[in-house]
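Novice: Taken in order, these protein sequences are the chains called E and P. With positions in the first sequence counted from 1, the corresponding number in the numbering used here is that position plus 212. With positions in the second sequence counted from 1, the corresponding number in the numbering used here is that position plus 569. Heads up, the beta-carbon is just placed ideally off N, CA and C, and yes, glycines get one too. All values reported here derive from a predicted model rather than from experimental measurement. Provided herewith is a single structure, encoded as structure tokens, for subsequent inquiry.
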Amino acid sequence: KAGVTQTPRYLIKTRGQQVTLSCSPISGHRSVSWYQQTPGQGLQFLFEYFSETQRNKGNFPGRFSGRQFSNSRSEMNVSTLELGDSALYLCASSLLLAGNTGELFFGEGSRLTVL
Amino acid sequence: AQKVTQAQTEISVVEKEDVTLDCVYETRDTTYYLFWYKQPPSGELVFLIRRNSFDEQNEISGRYSWNFQKSTSSFNFTITASQVVDSAVYFCALSEAGIQGAQKLVFGQGTRLTINP
Chain E
213 KAGVTQTPRY
223 LIKTRGQQVT
233 LSCSPISGHR
243 SVSWYQQTPG
253 QGLQFLFEYF
263 SETQRNKGNF
273 PGRFSGRQFS
283 NSRSEMNVST
293 LELGDSALYL
303 CASSLLLAGN
313 TGELFFGEGS
323 RLTVL
Chain P
570 AQKVTQAQTE
580 ISVVEKEDVT
590 LDCVYETRDT
600 TYYLFWYKQP
610 PSGELVFLIR
620 RNSFDEQNEI
630 SGRYSWNFQK
640 STSSFNFTIT
650 ASQVVDSAVY
660 FCALSEAGIQ
670 GAQKLVFGQG
680 TRLTINP
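Encoded structure:
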């Protein structure tokens with residue numbers, strides 16, 4: 213069973229640019245969550261999508277956005293990049309069934325460096 | 570607001586020693602979930618355990634064991650007879666109960682565990 217796949221794994225951007233990261237969840241998983249990991253702030257929740265709808269959002273500015281497609285694949289976008297956006301962006305998927313709390317399965321992340 | 574504190578930033582032990590990673594949490598919810606994840610150098614977070622707030626029974630899985638004490642809001646993780654492969658960053662996390670809230674984890678700052686041969 214394939215795990216959560218994130219692309220690209222590494223990328224370098226300059227300030228002011230925008231970036232799009234992609235996440236393919238485990239087959240059958242309909243919930244996709246995104247997390248940002250930095251040395252200073254640690255792991256922080258960005259947002260969660262289920263059936264193409266954003267159900268939960270963390271405390272990040274509007275420059276951070278995402279979407280989910282009908283096949284459950286998800287993308288997140290960061291516009292007008294700042295140096296502080298340099299981070300490892302982790303995607304997680306979960307299988308949500310009645311009575312199931314939705315254990316999160318994480319991908320290896322996309323490491324973004326902003327210069 | 571929910572908060573998770575892992576006071577130990579780094580721990581270094583010699584192989585075969587036992588090691589305990591501490592986790593203290595804060596929440597106003599009466600029902601919640603606690604987790605431990607392992608992050609090897611490759612980056613992905615590997616799920617280790619989930620504990621429901623109503624279930625205070627300790628759990629053992631091989632060399633791993635978890636001690637959940639609601640009275641002290643702690644959920645500590647012990648590795649017995651540590652091995653070099655246990656070297657990683659370990660995260661404790663907390664989430665609301667319910668399908669929707671359970672996807673929003675609040676993580677501690679992590680404990681970097683190094684097992685020396």
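1. Do ALA662 (chain P) and LEU603 (chain P) have their CB atoms nearer than 9 Å?
2. On the DSSP letters alone, give me the boundaries of the beta strand (DSSP E) that PHE646 (chain P) sits inside.
3. Could you tell me which chain E residues have their CB closer than 9 Å to the CB of LEU674 (chain P), listed as they occur along the chain?
4. Within the continuous beta strand (DSSP E) that includes VAL216 (chain E), where are the two ends?
5. Using a Cβ cut-off of 9 Å (strictly closer), state whether VAL216 (chain E) contacts chain P.
6. Say whether chain P places a C-beta atom closer than 9 Å to the C-beta of GLY319 (chain E).
7. Note down the Cα distance separating ARG285 (chain E) from VAL583 (chain P), rounded to an integer number of angstroms.
8. In chain P, which residues lie with their C-beta within 7 Å of the C-beta of GLU328 (chain E)?
9. What residues in its chain sit with their C-beta under 6 Å from that of ARG162 (chain E), if we drop five residues either side in the sequence?
10. Tell me, please, whether the CB atom of ASP657 (chain P) is closer than 9 Å to any CB atom in chain E?
11. So if DSSP puts GLU260 (chain E) in a beta bridge, which residue, or which two residues, is it bridged to?
12. Could you tell me the alpha carbon to alpha carbon distance between PHE676 (chain P) and GLN571 (chain P), rounded to whole angstroms?
Specialist: Here's the rundown:
1. The criterion of a C-beta distance shorter than 9 Å is satisfied by ALA662 (chain P) and LEU603 (chain P).
2. Counting along the chain, the beta strand (DSSP E) containing PHE646 (chain P) begins and ends at 643-648.
3. Listed along the chain, the chain E residues whose CB falls inside 9 Å of the CB of LEU674 (chain P) are SER245, TYR247, LEU255, PHE257, ALA304, LEU316.
4. Where VAL216 (chain E) is concerned, there is no enclosing beta strand (DSSP E), given that its DSSP letter is neither H nor E.
5. In terms of beta-carbon proximity, VAL216 (chain E) lines the interface with chain P, with at least one pair separated by less than 9 Å.
6. Yes, GLY319 (chain E) counts as interfacial toward chain P.
7. Approximately 43 Å between the Cα atoms of the pair.
8. Outside the shown range of chain E (213 to 327) lies residue 328 (chain E), about which nothing can therefore be said.
9. Here chain E covers residues 213 to 327 and nothing more, so residue 162 (chain E) does not appear.
10. Reading off the sequence, residue 657 (chain P) comes out as Ala, not Asp. Not an interface residue.
11. The beta-bridge partner set that DSSP reports for GLU260 (chain E) consists of E:SER245, E:ASN268.
12. The alpha-carbon atoms of PHE676 (chain P) and GLN571 (chain P) are separated by roughly 10 Å.
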